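Note that the protein sequences, when read in sequence, are chains G and S. Numbered per the working numbering, the first sequence spans residues 18 to 131. Numbered per the working numbering, the second sequence spans residues 22 to 134.
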Amino acid sequence: AQKITQTQPGMFVQEKEAVTLDCTYDTSDPSYGLFWYKQPSSGEMIFLIYQGSYDQQNATEGRYSLNFQKARKSANLVISASQLGDSAMYFCAMARSNDYKLSFGAGTTVTVRA
Amino acid sequence: DTAVSQTPKYLVTQMGNDKSIKCEQNLGHDTMYWYKQDSKKFLKIMFSYNNKELIINETVPNRFSPKSPDKAHLNLHINSLELGDSAVYFCASSLLAGEETQYFGPGTRLLVL
Numbered sequence: 018a019q020k021i022t023q024t025q026p027g028m029f030v031q032e033k034e035a036v037t038l039d040c041t042y043d044t045s046d047p048s049y050g051l052f053w054y055k056q057p058s059s060g061e062m063i064f065l066i067y068q069g070s071y072d073q074q075n076a077t078e079g080r081y082s083l084n085f086q087k088a089r090k091s092a093n094l095v096i097s098a099s100q101l102g103d104s105a106m107y108f109c110a111m112a113r114s115n116d117y118k119l120s121f122g123a124g125t126t127v128t129v130r131a
Numbered sequence: 022d023t024a025v026s027q028t029p030k031y032l033v034t035q036m037g038n039d040k041s042i043k044c045e046q047n048l049g050h051d052t053m054y055w056y057k058q059d060s061k062k063f064l065k066i067m068f069s070y071n072n073k074e075l076i077i078n079e080t081v082p083n084r085f086s087p088k089s090p091d092k093a094h095l096n097l098h099i100n101s102l103e104l105g106d107s108a109v110y111f112c113a114s115s116l117l118a119g120e121e122t123q124y125f126g127p128g129t130r131l132l133v134l
């Protein structure tokens with residue numbers, strides 16, 4: 018079974034600073050996708066960013082970037098210029114090419130301080 | 022123009038009752054899912070459907086019965102509700118399976134008393 022590890026249960030970050038959320042994964046499959054989702058206190062799950070295992074470049078979406086280190090099996094999320102609205106729980110997830118599911122990490126709670 | 026919608030958003034019921042949660046997606050996706058988020062916020066797949074066919078039943082008690090009348094709908098019926106069923110249930114959809122991005126509904130918060 019795929020395992021996704023997020024070792025930081027909670028983090029504090031100052032407004033306008035960058036924050037890195039760690040994610041490591043374990044799979045022997047060569048083809049897979051890595052995802053980050055945001056869950057604010059209102060409860061919805063918001064897709065943020067995707068990285069394919071064969072992608073040569075790290076994915077970026079606005080203030081979100083994914084630091085993909087394939088050999089280390091890590092897919093860290095970087096949020097730049099943090100805003101108060103970034104306070105939420107963030108989930109790392111993975112799906113293999115033949116999967117019909119996402120496997121999720123335990124999540125990291127980010128609190129942005131003014 | 023909500024992409025993935027679920028009803029109801031909140032569900033409070035007594036132990037032993039039967040309840041249903043409805044999910045609809047207007048994205049034209051082929052694959053739909055049900056996930057359960059427990060009190061510790063852990064998310065786990067329950068069911069996956071592709072083109073109305075059940076693909077995954079991830080060791081879910083048979084009190085839970087999904088039904089997909091068409092590609093745009095995936096409903097979840099729960100019989101004989103138990104206290105441990107209290108959780109947030111998310112419906113999601115993706116164009117195809119595998120590495121396709123899954124888009125989630127707003128969640129249904131179920132509380133069994």
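By construction, the Cβ of each residue, glycine as well, lies at the ideal position given by its N, Cα and C atoms. Keep in mind the model is a prediction, meaning the values are calculated, not measured.
Checklist entry - Quick one: which chain S residues come within Cβ less than 9 Å of F108 (chain G)? => result Counting only Cβ-Cβ distances below 9 Å, F108 (chain G) has contacts in chain S at K62, L64, in chain order.
Checklist entry - Taking all protein chains shown into account, do 16 or more other C-beta atoms lie within 10 angstroms of the C-beta of A88 (chain G), making it buried, or fewer, making it exposed? => result It is exposed - the Cβ of A88 (chain G) has fewer than 16 other Cβ atoms within 10 Å.
Checklist entry - Comparing alpha-carbon positions, which option in S:T23, S:L48, S:T52, S:I42 lies nearest K30 (chain S)? => result Between K30 (chain S) and the set S:T23, S:L48, S:T52, S:I42, the nearest pair of CA atoms involves S:I42.
Checklist entry - For D106 (chain S), which three-state DSSP category applies? => result When DSSP states are grouped into helix, strand and coil, D106 (chain S) belongs to the helix group.
Item to check | Terminal residues of the beta strand (DSSP E) in which C44 (chain S) lies | outcome: Membership of C44 (chain S) in the beta strand (DSSP E) is indicated by the continuous run 40 to 46.
Checklist entry - Does the Cβ of T46 (chain G) have 16 or more other Cβ atoms within 10 Å, making it buried, or fewer, making it exposed? => result It should be pointed out that residue 46 (chain G) corresponds to Asp in this sequence rather than to Thr. Answer is exposed; the Cβ neighbour count stays below 16.
Checklist entry - Taking the alpha-carbon positions, what's the L32 (chain S) to E45 (chain S) distance? => result Cα to Cα, L32 (chain S) sits roughly 18 Å from E45 (chain S).
Next on the checklist: Cβ closer than 7 Å: which chain G residues qualify as neighbours of E120 (chain S)?
Outcome noted: Against chain G, a Cβ distance below 7 Å from E120 (chain S) picks out Y49, G50, G69, A112, S114.
Checklist entry - Taking the C-alpha atoms as reference points, what is the distance between N75 (chain G) and S59 (chain G)? => result Going by the C-alpha atoms only, they are around 30 Å apart.
Item to check | Where G128 (chain S) meets chain G, residues with beta-carbon distance less than 8 Å | outcome: Using a Cβ-Cβ cut-off of 8 Å, G128 (chain S) is close to G60, E61, M62 of chain G, given in chain order.
Item to check | Neighbour-count burial assignment, L117 (chain S), 16 or more Cβ in a 10 Å radius | outcome: Classification of L117 (chain S): exposed, given that the 10 Å Cβ count is below 16.
Item to check | the region 117 to 129 of chain G contacting the region 83 to 90 of chain S, beta-carbon criterion three pairs below 8 Å | outcome: Segments in contact, no.
Next on the checklist: Let me check understanding here. Comparing Cα to Cα, which of S:L134, S:T122, S:I99 lies closest to K57 (chain S)?
Outcome noted: Measuring from the Cα of K57 (chain S), the nearest candidate turns out to be S:I99.
Item to check | Interface flag, L119 (chain G) vs chain S, CB-CB below 8 Å | outcome: At a cut-off of 8 Å between beta-carbon atoms, L119 (chain G) makes contact with chain S.
Next on the checklist: If I measure Cβ to Cβ from V30 (chain G) and keep anything under 6 Å in the same chain, skipping five residues before and after, which residues do I get?
Outcome noted: Counting only Cβ-Cβ distances below 6 Å, and skipping sequence neighbours, we find V36, S99, V129.
Checklist entry - Can you tell which of S:N71, S:K62, S:I76 has the C-alpha that lies nearest to the C-alpha of M106 (chain G)? => result Ranked by Cα distance from M106 (chain G), the options S:N71, S:K62, S:I76 are led by S:K62.
Item to check | Contacting residues, own chain, Cβ-Cβ under 6 Å from K90 (chain G) (five flanking each side not counted) | outcome: Short of 6 Å from the beta carbon of K90 (chain G), and not among the five residues preceding or following it, lie these beta carbons of its own chain, in chain order: T41, Y42.
Next on the checklist: Measuring straight from C-alpha to C-alpha, what distance separates I93 (chain G) and P90 (chain S)?
Outcome noted: According to the sequence displayed, residue 93 (chain G) carries Asn and not Ile. Roughly 39 Å between the two C-alpha positions.
Next on the checklist: By the 7 Å beta-carbon criterion, what residues does the region 83 to 117 of chain S contribute toward chain G?
Outcome noted: Answer set for the region 83 to 117 of chain S: V109, F111.
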